[in-house]
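For the sequence shown, the residue numbers in full-length UniProt numbering are 1 to 369.
One structure is given here, and the rest of the page talks about it.
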Amino acid sequence: MGTGASAQKFGRKNGIENEDNYERRCKAVSYVSKLHRHRHHSRKIKSSWIGMPSSAQKGIYNPAVLCYRNSLLQALLHAPKVVNWLRSYHRSKICIRDGISCVACHLLAVFNSYWGSTPKDLLQATKELDRVFISTGWQDGRTGRQEDPEEQLVWLAKVLSQQLPTIQFDAFEAISRFILNSTTECSSCGYLSANKGEVEGTISIDLQPRIKNGTIADYIKPYFCHRVEGFKCDRCSSKSPKQRSREIYHQPETLVIQLKRFGWDGRKDCTPIPFSQILTLDCYRCESNTSSCDYELSAIICHSGGMNSGHYVCRARGPDGRWMKFDDLHVTGMTLEQAMHPGSKNGWTPYLLFYQRKVKPNTKSQENL
């Protein structure tokens with residue numbers, strides 16, 4: 001039963017006249033409860049590379065046109081909190097599904113075989129993952145369509161939300177999603193409409209309009225403060241353009257930023273966007289959030305070619321701090337400067353940026369309380 005229906009039923013049963021006020025209180029309690037669960041999971045899941053030796057890093061076989069998935073898997077494999085979440089919260093032996101159709105079980109098998117087994121074991125695990133993806137509804141690129149790692153990530157999160165027990169998906173959501181509070185100011189009467197508890201994943205940023213000498217930090221700003229059209233004011237009912245601001249109430253451990261390079265017209269935007277090794281979002285925190293929003297770059301998924309044909313690779317930082325380029329089965333070392341190249345018109349262009357949250361040692365035990 002939804003929150004609104006529950007509020008109405010309880011209100012009628014207990015003689016509460018103002019059901020709207022009661023419903024708002026229900027939502028507030030639900031929001032605070034969700035926030036506390038997220039903060040609990042974020043603290044509980046380890047960020048260490050234990051059980052992930054540098055020597056185990058390897059390429060992933062591409063049987064057809066699965067470079068988009070291979071690059072995504074490498075980025076996730078090099079996000080310790082994602083690996084530790086699945087290892088800590090999901091056990092194949094006690095899976096509530098039959099195991100055969102469980103995406104989490106097969107993803108865990110890929111994680112474990114990558115970091116602890118032979119290339120042959122990894123090959124078998126990725127074959128099984130491909131099979132369960134298709135049986136669960138994913139339409140892969142062998143139909144002739146160019147697939148996208150960001151679309152795969154969104155689909156994967158959706159399937160996990162459907163298949164996993166609540167506590168397991170809550171933990172995944174805690175390390176991969178924002179909880180945002182937003183306010184929308186009416187330009188006609190000045191009224192502020194507030195909305196709490198917006199859950200957001202990937203930060204998708206527009207590359208248009210151009211920002212002269214703009215960096216990734218400049219292009220992120222409109223995500224947190226932007227103009228909205230057609231929003232009806234709760235006080236004066238005006239639909240005039242309004243300014244909306246967002247604040248971070250809970251921050252993900254693994255931050256994904258999408259540079260929106262592919263347009264509806266079939267064209268690719270190859271604009272070089274400089275990005276930094278350290279990204280700070282502290283200025284977007286709400287007043288009550290004292291947790292660090294500093295992030296360190298961990299992986300970059302790059303694309304070459306056009307919208308309908310091309311190739312994806314992943315550049316990732318390993319447990320030893322060294323950067324590697326993963327091009328399906330081919331693995332080569334590279335410098336940080338090479339990994340952070342902003343891209344060129346006829347070469348590789350960064351598409352997805354993965355950052356891991358940094359926690360200061362002296363605040364780690366106290367933050368988010």
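Virtual Cβ for every residue (Gly too), placed ideally from N, Cα, C.
Given the structure is predicted, the values throughout are model-derived calculations rather than measurements.
Query	Result
Would S71 and V313 be called neighbours here (beta carbons separated by less than 8 Å)?	yes
CA-CA distance, E198 and R39?	15 Å
Can you give me the Cβ contacts of S42 inside the same chain, cut-off strictly under 7 Å, excluding the 5 residues immediately before and after it?	A174, I175, E253 and N368
Which full runs of the beta strand (DSSP E) of 3+ residues lie inside the stretch 260 to 334, going along the chain?	278 to 280, 294 to 305, 310 to 317, 323 to 327 and 330 to 334
Which ranges would you report for the alpha helix (DSSP H) in the stretch 88 to 150 if only whole runs of at least 4 residues count?	103 to 116 and 119 to 136
Checking 8 Å against the spacing of the C-beta atoms, do Y355 and L207 come in under that value?	no
Run through DSSP, which three-state label would Q258 get?	strand
Quick one: Cα of K345 to Cα of I278, how far?	25 Å
Roughly how far, in whole angstroms, is the beta-carbon of W85 from the beta-carbon of A217, given that I think they are within contact range, below 8 Å?	About 28 Å separates the two Cβ atoms, so there is no contact after all.
Buried or exposed for E247, please, with buried defined as at least 16 other CB atoms from any protein chain shown within 10 angstroms of its CB.	buried
Measuring CA to CA, which of K360, F178 and S204 is closest to C286?	F178
Is the number of C-beta pairs between the stretch 72 to 84 and the stretch 105 to 115 that are closer than 8 Å three or more?	yes
For G321 versus Q57, is the C-beta distance shorter than 8 Å?	no
So, does the stretch 231 to 246 touch the stretch 288 to 306, judging by three or more C-beta pairs under 8 Å?	no
Do L353 and F275 have their C-beta atoms within less than 8 Å of each other?	yes
Which first and last residues belong to the alpha helix (DSSP H) in which D218 is found?	I216 to F224
Tell me the DSSP bridge mates of F354?	V256 and A299
Answer yes or no: do G214 and K268 have a C-beta to C-beta separation smaller than 8 Å?	no
Is there contact here, the stretch 237 to 244 with the stretch 330 to 342, by at least three beta-carbon pairs under 8 Å?	no
Roughly how many angstroms lie between the CA atoms of S88 and I45, to the nearest whole one?	8 Å
Does the beta-carbon distance from L129 to V110 come in below 8 Å?	yes
Measure the C-alpha to C-alpha separation of P350 and C102 and round it to an integer number of angstroms.	32 Å
Return the CA-CA distance between T118 and V83, expressed in angstroms with no decimal places.	18 Å
Can you check which of these residues, S193, C105 and S182, is closest to P165 by C-alpha distance?	C105
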